[in-house]
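Peer 1: A single structure is presented below for examination.
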Amino acid sequence: MSQLSPFHIAIPVHNLETCRIFYRDILNCEEGRSSDHWVDFNFFGHQLVIHFKEKSLEAETINEVDGKHVPVPHYGVVLPWDNFHAFAEELKLKNIKFIIEPYVRFEGLVGEQATMFFKDPAGNALEFKAFKDRSQLFAK
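Counting in our numbering, the sequence shown tops out at residue 122, every number present.
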């Protein structure tokens, strides 16, 4: 497959209007169709739908990666290297509370990548990353 196709993801939110504002105004995602129970967004070229669901009391799960607590599940996108760093700075200016601050993994090695984690207002974990050499996205 030479070009990745856009994905579609639907996530639960217990605070539809608060999350609508977050995705639209903080992450700068263009809003699409909506109803009183869901909202579509252009999530960096992919379709993200936030659906209203009562708040869950399910405990968060984490995995240890590089000595950091990575939330599971999480979702996100791979951005171009320069876009990632500009976006990270923009998020800092908007006072995003990071779970994992932006940093570079595997520096100077195969698969060198920048990554950061934070949550939306409903507690859904997001990861944004970028590869120094995007052709190494699936390199071993």
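All residues carry an ideal CB built from backbone N, CA and C; glycine is no exception.
1) Take glutamine 118 and list the residues in its own chain whose beta-carbon comes closer than 7 angstroms to its own, dropping the five residues that flank it on each side.
2) Assuming contact is defined by CB atoms lying nearer than 8 angstroms, are leucine 108 and glycine 27 in contact in what I supplied?
3) If we ignore side chains and look at the alpha-carbon of each, how far apart do lysine 79 and serine -13 end up?
4) Quick check on this structure: which residue in Trp63, Val(-5), Thr43 and His56 has the alpha carbon closest to the alpha carbon of valine 86?
5) For glycine 58, write down the residues that DSSP places opposite it in a beta bridge.
6) With 16 other CB atoms within 10 Å as the buried threshold, where does valine 21 fall?
7) For glutamate 46 and serine 16, what's the separation of their Cα atoms in angstroms?
Peer 2: Straight from the coordinates:
1) Val92 and Gly93
2) no
3) 30 angstroms
4) Trp63
5) Glu109
6) buried
7) 37 angstroms
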